[in-house]
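Undergrad:
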Amino acid sequence: VIPLNNDKESVRKQADKIYNELQAAGVDVLIDDRQARPGVKFKDADLIGIPLRVVIGERGLKEGNVEIKRRTDKKPTLIPADDAGRSTLEILNELKQALEV
105 VIPLNNDKES VRKQADKIYN ELQAAGVDVL IDDRQARPGV KFKDADLIGI PLRVVIGERG
165 LKEGNVEIKR RTDKKPTLIP ADDAGRSTLE ILNELKQALE V
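According to the numbering used here, the sequence shown is numbered sequentially starting from 105.
#1: Going by the DSSP bridge assignment, what does ILE160 pair with across the sheet?
#2: When the Cβ atoms of the segment 113-127 are set against those of the segment 179-195, are three or more pairs found closer than 8 Å?
#3: Over what stretch of residues does the alpha helix (DSSP H) that includes ILE225 continue unbroken?
#4: Would the beta-carbon of GLN139 fall within 9 Å of that of ALA185?
#5: Using three-state DSSP, classify THR176 as helix, strand or coil.
#6: Please classify LEU165: is it buried, with 16 or more other beta-carbons within 10 angstroms of its beta-carbon, or exposed?
#7: Could you please give the first and the last residue of the uninterrupted beta strand (DSSP E) stretch that includes LEU182?
#8: Can you tell me where the alpha helix (DSSP H) holding GLU198 begins and where it ends?
#9: Going by C-alpha to C-alpha distance, which of LEU156, ALA129 and VAL131 sits closest to ILE106?
#10: If we count the other Cβ atoms within 10 Å of its Cβ and call it buried at 16 or more, is VAL144 buried or exposed?
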(Lines of atoms letter the chains of each structure in order from A and count residues from 1; the text may use other names and numbers.)
(Lines give C-alpha, C1' and ligand atoms only; values in the text may rest on other atoms or scores of the structure.)
Protein backbone atom coordinates (compact mmCIF):
# COMPACT_ATOMS: atom_id res chain seq x y z
CA VAL A 1 0.00 0.00 0.00
CA ILE A 2 1.59 3.25 -1.16
CA PRO A 3 0.07 6.55 -0.05
CA LEU A 4 1.40 9.31 -2.33
CA ASN A 5 0.81 12.22 0.00
CA ASN A 6 0.84 10.92 3.53
CA ASP A 7 0.38 14.45 4.90
CA LYS A 8 -3.20 14.52 3.61
CA GLU A 9 -5.62 13.02 6.10
CA SER A 10 -7.90 11.53 3.42
CA VAL A 11 -4.98 9.71 1.79
CA ARG A 12 -3.65 8.44 5.12
CA LYS A 13 -7.10 7.23 6.24
CA GLN A 14 -7.72 5.37 2.97
CA ALA A 15 -4.26 3.77 3.11
CA ASP A 16 -4.84 2.66 6.71
CA LYS A 17 -8.30 1.30 5.82
CA ILE A 18 -6.97 -0.82 2.95
CA TYR A 19 -4.00 -1.96 5.04
CA ASN A 20 -6.26 -3.04 7.92
CA GLU A 21 -8.71 -4.85 5.59
CA LEU A 22 -5.90 -6.83 3.97
CA GLN A 23 -4.29 -7.67 7.31
CA ALA A 24 -7.63 -8.85 8.69
CA ALA A 25 -7.91 -11.18 5.68
CA GLY A 26 -4.53 -12.71 6.52
CA VAL A 27 -2.53 -11.00 3.76
CA ASP A 28 1.10 -10.04 4.35
CA VAL A 29 0.93 -6.33 3.62
CA LEU A 30 3.32 -3.40 3.87
CA ILE A 31 2.49 0.29 3.93
CA ASP A 32 5.15 2.62 2.57
CA ASP A 33 4.48 5.79 4.51
CA ARG A 34 7.97 7.22 4.04
CA GLN A 35 8.39 10.82 2.94
CA ALA A 36 9.90 9.76 -0.38
CA ARG A 37 9.06 10.50 -3.99
CA PRO A 38 6.56 8.12 -5.64
CA GLY A 39 9.18 6.78 -8.06
CA VAL A 40 11.42 5.78 -5.16
CA LYS A 41 8.55 3.96 -3.46
CA PHE A 42 7.59 2.17 -6.71
CA LYS A 43 11.20 1.14 -7.42
CA ASP A 44 11.67 -0.18 -3.89
CA ALA A 45 8.43 -2.18 -4.10
CA ASP A 46 9.67 -3.79 -7.32
CA LEU A 47 13.12 -4.48 -5.84
CA ILE A 48 11.74 -6.38 -2.86
CA GLY A 49 9.33 -8.33 -5.06
CA ILE A 50 5.96 -6.90 -4.09
CA PRO A 51 3.55 -8.58 -6.56
CA LEU A 52 0.76 -6.02 -6.26
CA ARG A 53 0.89 -2.31 -5.57
CA VAL A 54 -2.07 -0.30 -4.26
CA VAL A 55 -1.42 3.41 -4.79
CA ILE A 56 -3.54 6.02 -3.03
CA GLY A 57 -3.28 9.61 -4.21
CA GLU A 58 -5.23 12.73 -3.40
CA ARG A 59 -6.31 13.31 -7.01
CA GLY A 60 -7.55 9.74 -7.41
CA LEU A 61 -9.45 9.89 -4.13
CA LYS A 62 -11.23 13.05 -5.25
CA GLU A 63 -12.50 11.00 -8.19
CA GLY A 64 -13.27 8.06 -5.87
CA ASN A 65 -10.49 5.80 -7.19
CA VAL A 66 -7.27 4.13 -6.14
CA GLU A 67 -4.75 2.53 -8.44
CA ILE A 68 -3.80 -1.15 -8.43
CA LYS A 69 -0.83 -2.38 -10.41
CA ARG A 70 0.48 -5.89 -10.77
CA ARG A 71 4.23 -6.09 -11.09
CA THR A 72 3.83 -7.91 -14.41
CA ASP A 73 1.52 -5.29 -15.96
CA LYS A 74 2.68 -2.15 -17.70
CA LYS A 75 -0.36 -0.04 -16.81
CA PRO A 76 -2.24 0.31 -13.53
CA THR A 77 -5.95 -0.31 -13.11
CA LEU A 78 -8.26 2.19 -11.43
CA ILE A 79 -10.74 0.74 -8.97
CA PRO A 80 -13.33 2.38 -6.71
CA ALA A 81 -11.71 3.40 -3.43
CA ASP A 82 -14.58 1.87 -1.44
CA ASP A 83 -13.90 -1.57 -2.99
CA ALA A 84 -10.10 -1.40 -2.85
CA GLY A 85 -9.67 -4.02 -0.12
CA ARG A 86 -12.01 -6.54 -1.74
CA SER A 87 -10.64 -5.93 -5.23
CA THR A 88 -7.08 -6.35 -4.00
CA LEU A 89 -7.99 -9.66 -2.36
CA GLU A 90 -9.59 -10.89 -5.59
CA ILE A 91 -6.48 -10.04 -7.60
CA LEU A 92 -4.23 -11.69 -5.02
CA ASN A 93 -6.35 -14.85 -5.18
CA GLU A 94 -6.04 -14.84 -8.99
CA LEU A 95 -2.26 -14.57 -8.64
CA LYS A 96 -2.17 -17.45 -6.13
CA GLN A 97 -4.28 -19.66 -8.41
CA ALA A 98 -1.97 -18.95 -11.34
CA LEU A 99 1.00 -20.06 -9.24
CA GLU A 100 -0.68 -23.31 -8.18
CA VAL A 101 -0.70 -24.73 -11.71
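Backbone N, C-alpha and C define an ideal beta-carbon position, used for all residues, glycine too.
TA: The answer reads as follows:
#1: For the purposes of this step, residue 160 is taken as residue 56 along the sequence shown, with counting starting at 1. For ILE160, which the question treats as bridged, DSSP gives the partners PRO107.
#2: Yes: the two stretches touch, three or more of their Cβ pairs being nearer than 8 Å.
#3: Any property of residue 225 remains undetermined from this structure, which presents the chain solely from 105 to 205.
#4: Within the sequence shown, residue 139 is the residue found at index 35, counting from 1. Within the sequence shown, residue 185 is the residue found at index 81, counting from 1. No. Outside cutoff.
#5: Walking along the sequence shown from the start, residue 176 turns up at place 72. The answer is coil: DSSP assigns THR176 none of H, G, I, E or B.
#6: Stepping through the sequence shown from its first residue, residue 165 is reached at position 61. Buried: at least 16 other Cβ atoms inside 10 Å.
#7: The count along the sequence shown starts at 1 and reaches residue 182 at position 78. Judged by DSSP secondary structure, LEU182 falls within the beta strand (DSSP E) whose first and last residues are 181-184.
#8: The residue you call residue 198 lines up with position 94 of the sequence shown. Taken as a continuous stretch (DSSP letters only), the alpha helix (DSSP H) holding GLU198 covers 188-203.
#9: Taking the first residue of the sequence shown as position 1, residue 106 is located at position 2. Minimum Cα distance to ILE106 is reached at LEU156.
#10: As a working mapping, residue 144 is identified with position 40 in the sequence shown. Sixteen is the threshold: since fewer than 16 other Cβ atoms of the shown chains lie within 10 Å of the Cβ of VAL144, the residue is exposed.
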